[in-house]
Amino acid sequence: MTVTRRLFAGLVAASIALPGLASAADTTLRFAHVVRDGDPAFIAAEAFAEKVAELSEGRVEVKMFPAGQLGGNRKLFTQIQSGAVDMTYTPFNMLADIVPEFATITGGYMFESQAHQRAVLDSPDMGGAWSETLLEKGGLRILSSFFYGTRNVTTKETPVRSPADLAGLKLRAVPNAMSLATVTGLGAAPTPVAWPETFQALRQGIVDGQENPIPVLHAAKFYEVQKYLIKTGHQMSALPFLIRESTWQGMSVEDQAAVMEAALHGQAVAEETMVTFTETLESDLVARGMEIIELTDEEIDVFRTAVREKVAADFDGSVLPAGLIDQIHNMAQ
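Residue 1517 in my numbering sits at position 249 of the sequence shown, and the numbers go up by one each step.
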């Protein structure tokens, strides 16, 4: 049993199928995502599927296509729009293709805490309004969303304590404008690589490093191809349980309620798992040969200033409404 599986066993009991369920579901939800077993988002998806079966008394079945079986996030975003799949995790910075304001949810040094990010997502004038626009323009419904950890930089050979140390290094970046701006602000050369291809890109030296939350990089076994973990804490991640609106409208009110409750259950499982894994997996990374670099407050401030300047230059008043970034920063107070 893996470290992550042993940890998860102490967090949440597996849902057990109830006796007497219908032999065939009335509705099958095709849920595709890119994450692998051991990742908190994978565990959340499995918990969601089990809870849907339980609450709907077997009327709704969730059929999983995990670990990039149907393609990377960009391809899955296209597939949920076309109806090839019913559900997926589409990162908020990709949803920004439809609603630009969603780019802020994973903006570099945008949030001071998980609660700060949640306040923006739950705000009727921000996250609430943006979700309504996504529904109207994109035909996509956010059932719930969860904190997906704080991203840190890893490198193969280079200990890093400042943006200057990242100069000339190719850092795998999520292929969207906000992530590219954030990595550029950190001092590195952002190099887009699809998530399923990232491990091989690191192994082969196509990129020198990457940036992800600790549980994500642990589940992906990046400790096999990376030496240093630098605690930049530069970006808070969040993921939504996303469903195609036409699929949603095709279900009964009772089954909609079951799916919504299951998504909230999945959110709770994901967040509890992410926080616990983050607290406990660092020592395992060290045992597997990684060296962790803790930055001082002053060193973090240098990264924060550089990233915020780059993000503001690229987004404020152009991609995003003028002043929105400052408004979000001020909400931390």
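Just so it is clear, CB atoms sit at the ideal spot from N, CA and C, and this is done for glycine as well.
Run through the DSSP bridge pairs and tell me what residue i is partnered with.
i, result
"LEU1434", "For LEU1434, which the question treats as bridged, DSSP gives no partner whatsoever."
"ASN1480", "ASN1420"
"ILE1511", "MET1355, ARG1409"
"ALA1441", "PRO1460"
"TYR1496", "THR1423, GLU1559"
"GLY1375", "Paired residue(s): none; GLY1375 is not in a bridge."
"ASP1584", "LEU1588"
"GLN1503", "GLY1376, ARG1419"
"PHE1414", "LEU1507"
Throw me the rounded Cβ distance for the residue i and residue j pair, which I believe falls under 8 Å.
i, j, result
"LEU1553", "LEU1470", "That pair is no contact at about 15 Å."
"THR1500", "ASN1420", "5 Å"
"ILE1593", "VAL1579", "7 Å"
"LEU1297", "THR1450", "Actually they do not touch by this definition, with Cβ atoms about 33 Å apart."
"PRO1483", "PRO1308", "5 Å"
"GLY1534", "ALA1292", "So it is not a contact: roughly 24 Å between Cβ atoms."
"TYR1357", "LEU1510", "7 Å"
"ALA1211", "PHE1316", "The question about residue 1211 has no answer, for the chain in this structure spans 1269 to 1601."
"ALA1462", "LEU1434", "So it is not a contact: roughly 22 Å between Cβ atoms."
"THR1422", "GLN1478", "6 Å"
"LEU1454", "VAL1575", "6 Å"
"VAL1442", "MET1599", "No, VAL1442 and MET1599 are not in contact; Cβ-Cβ is about 24 Å, not under 8 Å."
"ARG1512", "LEU1408", "6 Å"
"LEU1532", "SER1413", "So it is not a contact: roughly 10 Å between Cβ atoms."
"PRO1508", "ILE1410", "5 Å"
Counting C-beta neighbours from all protein chains within 10 Å, is the total for residue i 16 or more, i.e. buried, or is it exposed?
i, result
"GLN1347", "buried"
"THR1418", "buried"
"SER1381", "exposed"
"GLN1337", "exposed"
"ASP1476", "buried"
"ALA1555", "exposed"
"VAL1320", "buried"
"GLU1522", "exposed"
"SER1447", "buried"
"LYS1438", "buried"
"ASN1341", "buried"
"GLN1601", "exposed"
"ALA1488", "buried"
"GLU1425", "exposed"
"ASN1480", "buried"
"PRO1589", "exposed"
"ALA1290", "With a pLDDT of 41 at ALA1290, under the threshold of 50, the predicted position of this residue should be treated as unreliable, though the coordinate-derived value follows. Exposed, by the Cβ-count rule."
"GLU1539", "buried"
"THR1452", "buried"
"THR1564", "exposed"
"GLY1406", "buried"
"ASP1294", "exposed"
"SER1229", "The structure shown does not extend to residue 1229, since the chain spans only 1269 to 1601, so no value can be given for it."
"GLY1351", "exposed"
"GLY1585", "exposed"
"GLN1595", "exposed"
"GLY1622", "Because the chain here runs from 1269 to 1601, residue 1622 falls outside it and cannot be looked at."
"GLN1494", "buried"
"GLN1517", "exposed"
Answer yes or no: does any C-beta atom of chain D fall closer than 8 Å to that of residue i?
i, result
"LEU1411", "Looking at the structure shown, chain D is missing, and only one protein chain is on hand."
How do the stretch 1384-1401 and the stretch 1539-1550 stand: do at least 3 beta-carbon pairs fall below 8 Å, yes or no? no
Ignoring anything shorter than 3 residues, give me the beta strand (DSSP E) runs that lie fully in the stretch 1293-1373, in order along the chain. 1295-1300, 1328-1333
The stretch 1396-1403 contacting the stretch 1359-1374, beta-carbon criterion three pairs below 8 Å: yes
Closer than 8 Å is the cut-off here; do at least three beta carbon pairs connect the stretch 1461-1469 with the stretch 1504-1516? no
Can you find at least 3 beta carbon pairs, one from the stretch 1563-1571 and one from the stretch 1423-1431, that sit closer than 8 Å? yes
Counting Cβ pairs closer than 8 Å, one from the stretch 1300-1308 and one from the stretch 1322-1337, do we hit at least three? yes
Is the number of C-beta pairs between the stretch 1513-1527 and the stretch 1357-1364 that are closer than 8 Å three or more? no
What runs of the alpha helix (DSSP H), each 4 residues or longer, lie entirely inside the stretch 1521-1546? none
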